[in-house]
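Chains as they are written, first to last, in the UniProt record's numbering: chain P, 1 to 319; chain X, 1 to 319.
Report on the structure given below.
There are 2 protein chains.
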Amino acid sequence: MSELVLGLDVGGTSTRALLADVEGRRLGEGRSGGGNPTSRGRKAAADNVYDAVHQALGSHEPKRVAAAVMGIAGVLALPEDTQETLFTPVWERAGLECGVDLVGDSVVAFSAGSPSPDGTVVIAGTGAVAIKVADYRMAKRSDGYGWFLGDRGSGIWLAREAVYAALRFADGTGAGGPLVESVTAALVDAGPRDVDTLIHRAMTGEPVGLSRLAPLVTAAAEVGDPIALDIAGRAAAELLSTVSAVRDTVETPIVLAGSLATADNAVSRGLRDGLARRFPAAPVRLGLDGAAGAAWLAARQLITDEPRLRRLHRRLLSD
Amino acid sequence: MSELVLGLDVGGTSTRALLADVEGRRLGEGRSGGGNPTSRGRKAAADNVYDAVHQALGSHEPKRVAAAVMGIAGVLALPEDTQETLFTPVWERAGLECGVDLVGDSVVAFSAGSPSPDGTVVIAGTGAVAIKVADYRMAKRSDGYGWFLGDRGSGIWLAREAVYAALRFADGTGAGGPLVESVTAALVDAGPRDVDTLIHRAMTGEPVGLSRLAPLVTAAAEVGDPIALDIAGRAAAELLSTVSAVRDTVETPIVLAGSLATADNAVSRGLRDGLARRFPAAPVRLGLDGAAGAAWLAARQLITDEPRLRRLHRRLLSD
Chain P
1 MSELVLGLDV GGTSTRALLA DVEGRRLGEG RSGGGNPTSR GRKAAADNVY DAVHQALGSH
61 EPKRVAAAVM GIAGVLALPE DTQETLFTPV WERAGLECGV DLVGDSVVAF SAGSPSPDGT
121 VVIAGTGAVA IKVADYRMAK RSDGYGWFLG DRGSGIWLAR EAVYAALRFA DGTGAGGPLV
181 ESVTAALVDA GPRDVDTLIH RAMTGEPVGL SRLAPLVTAA AEVGDPIALD IAGRAAAELL
241 STVSAVRDTV ETPIVLAGSL ATADNAVSRG LRDGLARRFP AAPVRLGLDG AAGAAWLAAR
301 QLITDEPRLR RLHRRLLSD
Chain X
1 MSELVLGLDV GGTSTRALLA DVEGRRLGEG RSGGGNPTSR GRKAAADNVY DAVHQALGSH
61 EPKRVAAAVM GIAGVLALPE DTQETLFTPV WERAGLECGV DLVGDSVVAF SAGSPSPDGT
121 VVIAGTGAVA IKVADYRMAK RSDGYGWFLG DRGSGIWLAR EAVYAALRFA DGTGAGGPLV
181 ESVTAALVDA GPRDVDTLIH RAMTGEPVGL SRLAPLVTAA AEVGDPIALD IAGRAAAELL
241 STVSAVRDTV ETPIVLAGSL ATADNAVSRG LRDGLARRFP AAPVRLGLDG AAGAAWLAAR
301 QLITDEPRLR RLHRRLLSD
């Protein structure tokens, strides 16, 4: 029986695991809650990573797994003993005998979109960050500074612009339209739609929670709302600026990841148009399945034949 | 002996009072802590307003005060009985026999810069707001939406842009210079100046506290730092947009108020240049002394002769 590989994509809110063989057959998948010890605490992180691994293994013999890679946010900021004292015990509990290689979550997102060792990945969802990848490692980063200082062009950024437009309409100094209507209705279900009420509702709870309003921008852009189209265009320009800041080559692949950049919407189309103009020689790909990207990186520890690795990438990540 | 007037400028962090006679002589001044019941609570607000009034009155006979005006933020949002249950008792305690007229703080800022009944005032300090004044009342407002949703071009906005520039330099994707150096040093007194440390320091405490960094932007712009000049230019454009949103006439005065707009710096110069281009027929004035603006508004209740009111305005507000 052939060797197996295990890939993990560990985030703050979810953990995904994929078991595959080196021919590219997907043998098992696992999904659980956040596995990042920084945001979830060590105990919950360990339990969630174990659950995802356990589900992915299913009835397969753990000893057959010959290599594993885990993508995790903020890998460089984790305490030095994290692998030894947190994840090694999880591995042993799951019956795994191989080690696990920790890399940045951006690296597995990049590898989910391209088998190249070098390139750029932009991850735009609630937040926004661009990473230069060199030799399968994170080499440079721009933005990802969080909801107040940065994350320009992200979901939270879109939401803030949308609320600003609603406030301008509410105080009589800006135009209305589908976006203003949907944002106002989302903030105020009944009663007066004045500026003070809108501000109060928008600022109740964590500011990052406002990103729930981002889909209202992309939806209004689809029906041609000029305010939404303007916001989406500026978001795309911000993301393009962030990507450009980490690129010093022109031909390596660019991978788009995260819910905002990978969906078909005015922001992602604007970003693709901008990338095509600025980096016409660069292939642009989607990185949708970080766990599969991690599994492929694990397979690289077992296989040195480049054409075979490229075929494996297509099989693992083409669907 | 002539009648006296009392003007108050009541803010969230300070209260100022001015006692004057109707010839424009300044007879007494008072200064105390915040007097806004919304932000300070009713007891502290009443005590602080009393202190400022008491200082301004000095040894003058309270019964001689024939009219008083108080400018206060959010006047329309105050509970209806605020005057009756909060400020009338303060008046009685101070021995005053006249009533007090409550108006928006923006109206006294406008009247501090111009005796016109109509015009526009832009207040840019920690926050940023523009108000259309009509017949000495607030008629329309734009921005003032707070540190997260708006206040575009304000001190907090400048500070956020400055921290963003420092972060871009720290992760190797942006240029350095005097602003980046001063912002970084202000956030990290010793130790590593990496992105995570800078974000952590910038996000410690209330985000609005970041506005302490705004003077670093205007200082770096004075020495020609291109990053600071770019930020200042964009702040001026944001403020110009906010002002333009509330102006539907072209010839009424524009009053600049607040520490950012009234100082001589790259933001205020950029704003003045923009106003001169967009509203060439509008006089632009500074509104520095809200308490004096309020005192002049009080005098309007006693004097109907317009030339005399204009002379009084010059005397009260020319220094």
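C-beta atoms are modelled at their ideal positions from N, C-alpha and C, and glycine is treated no differently.
- Under the three-state reduction of DSSP output, S2(X) falls in the coil class, being neither helix nor strand.
- For the alpha helix (DSSP H) assignment, the uninterrupted runs of no fewer than 4 residues enclosed by the region 214-281 of chain P are, from N- to C-terminal side, 214-222, 226-246, 259-262, 266-278.
- Within chain X, no residue has its beta carbon less than 7 Å from that of T197(P); the closest one is some 10 Å off.
- S32(P) carries a strand assignment under DSSP once its states are collapsed to helix, strand and coil.
- D143, G144, Y145, G146, W147, F148, L149, G150, R152, R160, V163, Y164, L167, R168, D171: these are the residues of the region 143-171 of chain X whose beta carbon lies less than 9 Å from some beta carbon of chain P, given in chain order.
- Considering only G95(X), L167(X), V208(X), P79(X), the residue with the shortest C-alpha distance to R64(X) is G95(X).
- K140(P) has a beta carbon lying within less than 8 Å of a beta carbon in chain X.
- Within chain X, not a single residue places a beta-carbon under 9 Å from that of V243(P); the smallest gap is close to 10 Å.
- The bridge partners DSSP lists for T13(P) come to none.
- Linking G176(P) to G99(P) through their CA atoms gives a straight-line distance of about 57 Å.
- Residues of chain X with a Cβ closer than 8 Å to the Cβ of P79(P) do not exist, since the nearest Cβ in that chain sits about 14 Å away.
- If you look at K132(X), you'll find it in the beta strand (DSSP E) that goes 128-134.
- R300(P) carries a coil assignment under DSSP once its states are collapsed to helix, strand and coil.
- For L102(P), the uninterrupted beta strand (DSSP E) run begins and ends at 101-104, by DSSP.
- Secondary-structure assignment with DSSP links K140(P) through a beta bridge to K132(P).
- Shown here is that no member of the region 109-134 of chain X has a Cβ falling below 8 Å from a Cβ of chain P.
- Residues of chain P with a Cβ closer than 8 Å to the Cβ of P207(X) are, in chain order, F148.
- Shown here, G191(P) sits in coil according to DSSP, grouped into three states, outside any helix or strand.
- By the Cβ criterion, the region 159-179 of chain P is not in contact with the region 166-183 of chain X, since fewer than three pairs of Cβ atoms, one from each stretch, lie closer than 8 Å.
- By the Cβ-count criterion, H313(X) is buried, with 16 or more other Cβ atoms from all chains shown falling within 10 Å of its own Cβ.
- With fewer than 16 other Cβ atoms inside 10 Å of its own Cβ, E92(P) counts as exposed.
- Per DSSP, the beta-bridge partners of R285(X) are V255(X).
- Here D289(X) is buried. Its C-beta has 16 or more other C-beta atoms within 10 Å.
- Interface flag for T249(X) against chain P is unset, since no Cβ pair is found closer than 8 Å.
- Put simply, the backbone Cα of F279(P) is about 12 Å away from that of S241(P).
- Rounded to the nearest angstrom, the gap between the Cα atoms of P215(P) and A128(X) is 29 Å.
- Every unbroken stretch of the alpha helix (DSSP H) spanning 4 or more residues and falling wholly within the region 54-110 of chain X is given here in chain order: 88-93.
- When Cβ-Cβ separations below 8 Å define contact, V255(X) makes no contact with chain P.
- It is roughly 45 Å from the alpha-carbon of F148(X) to the alpha-carbon of R26(P).
- Those residues of the region 51-71 of chain X placed with their C-beta closer than 9 Å to a C-beta in chain P do not exist.
- For A124(X), the enclosing beta strand (DSSP E) stretches over residues 119-124.
- For D248(P), the number of other beta carbons within 10 angstroms of its own is below 16, and it is reported as exposed.
- Relative to the Cα of V267(X), the nearest Cα in the group H54(X), A221(X), L167(X), A186(X) belongs to A221(X).
- Fewer than three Cβ pairs drawn from the region 116-125 of chain X and the region 134-149 of chain P lie within less than 8 Å of each other, which leaves the two stretches out of contact.
- When S111(X), Y50(X), G233(X) are compared, the shortest CA-CA separation from D273(X) is found for G233(X).
- Contact between L260(P) and G125(P) is confirmed by a C-beta separation of about 6 Å, below the 8 Å threshold.
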